[in-house]
Amino acid sequence: MVVEKTAAGKNSGAAVSVNVSETDVGAGAPALKHYITKGAKKMDKKRITELSIIANKVRRDALTAVYSAASGHPGGSLSIADVLTLLYFEVMNIDPKNPKDENRDRFVLSKGHTAPALYGTLAERGFFPVEDIPGFRHIDSYLQGHPDMNKVPGVDMSTGSLGQGVSAAGGMALAAKLDNKDYRVYSILGDGELEEGQVWEQAMFAAHYKLDNFTIFVDNNGLQIDGDISKVMNPNPIDKKFEAFGWHVINADAHDFESLMAAIDEAKATKGQPTAIIMKSVKGKNVSFMENNPAWHGAAPKKDEYDQAISELDAIIAELEASL
Ligand SMILES: Cc1ncc(C[n+]2csc(CCOP(=O)(O)OP(=O)(O)O)c2C)c(N)n1
Ligand SMILES: [Mg+2]
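And the structure:
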């Protein structure tokens, strides 16, 4: 069936009418070949609660950054707080006291616009003081709108131009192989970022060089700057595309530590292929009025909105702390 669709992104000027055949662009729901469900890997309940508390503190830090700058990207920061927390507090071999250790695991935030979440995570992990967060995007701060590897302790790659970060991360994974090092490389990219052609060049590259030390997470929140990814430039079915490029693919839940941990364990056990973990997530996660709302992609909350968001996160944190 051929349907008429109008693409009129708010930055794109004139509306463009295009004919899009539903059968050409991943008709229907993508087939989830291998879905790791909630609670897949049994983890200590107390540890899960502790990680949840940290992740919500990261969310609080991210919002404080964006509010203090009156600019930035809250929605996509809130959707990756859980996976960042898991990576930096449970999975990666890193040392905040020695951020340049040559044997450390590497992390690249390819969706660099969500730096507020990375800064919150690095600060909570002890790479730099949490008190520096409100300096975000200020002229004299090292915490700029996109991560700078030359200024921010713990940042392994400067990112912001979508597609480039994950490509550099693939290069790091190849470097580990060439140097006979056993560090692993992790990268998070956005689902809108998948619309950038360079992503698929690196997908070809990483499979060609059998980079089984390389794991990427696609933050599948369904939204990019102009709204629904499937309407802007449909990248679905994401899992089948990575599979076709030669990757091991796992579908997981971005807000369930046991699902993510099972996926990461499986990635580590996979030989001869890189792994793509497609994480179903909620943009704006845990702030009621930001959830699934593309208006919060790149907008800062006003005072009353910030207060409301912080009180919602504080309530979640208080409930988790009470259950410890
Ligand atoms: C090469 C490039 N083109 C355009 C942009 C502007 N831009 C910043 S964020 C964004 C949308 C990204 O959407 P997505 O990857 O889904 O991010 P998330 O939903 O995780 O915030 C765009 C187009 C950019 N940073 N880099
Ligand atoms: Mg997105």
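Okay, so the sequence shown: first residue is 0 according to numbering that gives the first Met the number 0, each after it adds one.
All C-beta atoms in this analysis are idealised placements derived from N, C-alpha and C, irrespective of residue type, glycine included.
- A residue is called buried when at least 16 other Cβ atoms come within 10 angstroms of its Cβ; M156 meets this threshold and is buried.
- When rounded, the separation of the alpha-carbon atoms in F126 and G134 is 16 Å.
- Residue state for F127 is assigned as coil, using DSSP reduced to three classes.
- Distances from the CA of V151 to each of S186, L177, G162, K99 were compared; the closest alpha carbon is that of K99.
- Per DSSP, the continuous beta strand (DSSP E) segment holding A251 begins and ends at 247-252.
- K279 carries a strand assignment under DSSP once its states are collapsed to helix, strand and coil.
- Per DSSP, the unbroken beta strand (DSSP E) holding S186 starts and ends at 184-189.
- For V217, the uninterrupted beta strand (DSSP E) run begins and ends at 213-219, by DSSP.
- The closest heavy atom of ligand 1 lies 8 Å or more from the beta carbon of K230.
- By the criterion of a C-beta distance shorter than 7 Å, R136 is surrounded in its chain by A68, S70, G71, Q143, G144, once the five residues flanking it on both sides are discounted.
- The continuous beta strand (DSSP E) containing F106 extends over residues 105-108.
- Shortest gap from the CB of N220 to any heavy atom of ligand 2: under 8 Å.
- Pairing G119 with A64 gives a Cβ-Cβ distance under 9 Å.
- For H296, the shortest separation between its Cβ and any heavy atom of ligand 1 lies below 8 Å.
- When secondary structure is reduced to three states using DSSP, Y34 falls in the strand class.
- No residue range can be given for R136, since it is assigned to no alpha helix (DSSP H) and is classified by DSSP as neither H nor E.
- Rounded to the nearest angstrom, the gap between the Cα atoms of F288 and N92 is 36 Å.
- CA-CA distance, D238 to N219, rounds to 11 Å.
- Boundaries for W295: no alpha helix (DSSP H) harbours it, and the DSSP string shows neither H nor E there.
- In this structure, the beta-carbon distance from A80 to R58 falls below 9 Å.
- A contact between stretches requires three or more CB pairs, one per stretch, nearer than 8 Å, and the segment 293-309 fails this requirement with the segment 255-265.
- Straight through space, the alpha carbons of N102 and V90 are spaced by roughly 15 Å.
- Within the same chain, Cβ atoms closer than 7 Å to the Cβ of E195 are found at L161, G162, the five residues on either side in sequence being excluded.
- For D81, the enclosing alpha helix (DSSP H) covers residues 80-85.
- In this structure, DSSP gives L210 a state outside helix and strand, which the three-state scheme calls coil.
- Rounded to whole angstroms, the gap between the alpha carbons of N55 and E49 is 10 Å.
- For K150, no alpha helix (DSSP H) encloses it, and the DSSP letter there is neither H nor E.
- It is roughly 12 Å from the alpha-carbon of T214 to the alpha-carbon of L259.
- By the Cβ rule, the segment 175-187 counts as touching the segment 104-116, because three or more pairs are nearer than 8 Å.
- Boundaries of the alpha helix (DSSP H) harbouring Q307: 302-321, taken from the DSSP string.
- Proximity to A122 across T84, G159, H112 peaks at T84, based on C-alpha coordinates.
- With a cut-off of 8 Å, the C-beta of T120 is classified as distant from ligand 1, since no heavy atom of the ligand falls inside that distance.
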